[in-house]
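One structure below.
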Amino acid sequence: MALPIFPNFSINLISNTKPILARISNGSVPATASPSPKQYKPFQGKPEADVVVIGSGIGGLCCAGLLARYQQDVLVLESHDRPGGAAHSFKIRDYEFDLGPSLFSGFQSRGPQANLLAQALDALGESVPCANYDSWMVYIPEGEFLSRIGPT
49 MALPIFPNFS
59 INLISNTKPI
69 LARISNGSVP
79 ATASPSPKQY
89 KPFQGKPEAD
99 VVVIGSGIGG
109 LCCAGLLARY
119 QQDVLVLESH
129 DRPGGAAHSF
139 KIRDYEFDLG
149 PSLFSGFQSR
159 GPQANLLAQA
169 LDALGESVPC
179 ANYDSWMVYI
189 PEGEFLSRIG
199 PT
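For the sequence shown, this note's numbering assigns the number 49 to the initial residue and increments by one for each residue that follows.
Now the structure itself:
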């Protein structure tokens, strides 16, 4: 039996287990309608967890990582075909395009430019490759200019 809780999501009740959340694939089921079993993909993993994180964007992944570090059994649910939320890219021919954030300023975990993502990565003992820039070229329809970064 599936019970809608708000548009695009339902709780799939499985006997003798905790409820799990399933994404309705067509995204058009009203909150008052019960979706048929054919409208969502069955969950293939373990049907219970201590914590369910909905969405695998930067916030969801940081939350899930920190919970897992403190011995919580975490299930992350994502409606798209890859994790990352808005922080991913796509390719057209030989060109790759960023979607979402492509620049984080002040990637220190402590001090006046402390960054919450850097703090979460430090707590998890993880790092990401970073490039430091002091300037870059900006191209717009009106022309181009060199943009300086940091103290001037």
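Heads up, the beta-carbon is just placed ideally off N, CA and C, and yes, glycines get one too.
Expressed to the nearest angstrom, what Euclidean distance is found between the alpha-carbon atoms of residue 202 and residue 126? Past the edges of the chain, shown from 49 to 200, lies residue 202, and the structure says nothing about it.
Is residue 93 near the ligand NAP, going by C-beta to nearest heavy atom under 7 Å? Ligands are entirely absent from the displayed structure, and the ligand NAP is therefore not among its contents.
Using the Cβ count rule (16 or more neighbours within 10 Å means buried), how would you classify residue 140? In the sequence shown, the residue the question calls residue 140 occupies position 92. Exposed: under 16 other Cβ atoms inside 10 Å.
With DSSP as the reference, identify every bridge partner of residue 143, one or two as the case may be. In the sequence shown, the residue the question calls residue 143 occupies position 95. 140.
If we ignore side chains and look at the alpha-carbon of each, how far apart do residue 111 and residue 94 end up? On the sequence shown, position 63 is the one that residue 111 refers to. On the sequence shown, position 46 is the one that residue 94 refers to. The alpha-carbon atoms of residue 111 and residue 94 are separated by roughly 20 Å.
Measure from the alpha carbon of residue 132 to the alpha carbon of each residue in 138, 120, 113 and 109, then state which is nearest. Translated into the one-based positions of the sequence shown, residue 132 becomes position 84. If we check each option's Cα against that of residue 132, 109 comes out closest.
Nearest-angstrom beta carbon gap, residue 121 and residue 98 [assumed within contact, 8 Å]: Numbered from 1 along the sequence shown, position 50 holds the residue referred to as residue 98. Numbered from 1 along the sequence shown, position 73 holds the residue referred to as residue 121. With a Cβ gap of about 4 Å, residue 98 and residue 121 count as contacting.
Does residue 132 come out as helix, strand or coil in the three-state DSSP assignment? Counted from its first residue, the sequence shown places residue 132 at position 84. Coil, per DSSP.
Rounded distance between the beta-carbons of residue 179 and residue 114, thought under 8 Å: Working through the sequence shown from its first residue, we reach residue 114 at position 66. Working through the sequence shown from its first residue, we reach residue 179 at position 131. With a Cβ gap of about 26 Å, residue 114 and residue 179 do not count as contacting.
Whole angstroms is fine: what's the gap from residue 183's alpha carbon to residue 104's? The residue labelled residue 183 in the question sits at position 135 within the sequence shown. The residue labelled residue 104 in the question sits at position 56 within the sequence shown. The straight-line gap from Cα to Cα measures roughly 32 Å.
For residue 191, the first and last residue of its enclosing beta strand (DSSP E): The sequence position of residue 191 within the sequence shown is 143, counting from 1. Segment 191–196, the beta strand (DSSP E) holding residue 191.
Looking only at C-alpha atoms, which of 138, 136, 106 and 137 sits nearest to residue 124? On the sequence shown, residue 124 is found 76 positions in, with the first residue counted as 1. When each option's Cα is compared against that of residue 124, the closest is 106.
Pair within 8 Å by beta-carbon distance, residue 172 and residue 117: By one-based count along the sequence shown, residue 172 stands at place 124. By one-based count along the sequence shown, residue 117 stands at place 69. Result yes, Cβ atoms of residue 172 and residue 117 sit closer than 8 Å.
Under DSSP, the beta strand (DSSP E) around residue 118 begins and ends at which residues? Stepping through the sequence shown from its first residue, residue 118 is reached at position 70. It is not in any beta strand (DSSP E) - residue 118 carries neither H nor E in the DSSP assignment.
Classify residue 162 as helix, strand or coil using the three-state DSSP reduction. Taking the sequence shown and counting its residues from 1, the one referred to as residue 162 is at position 114. Residue state, collapsed to three classes: strand.
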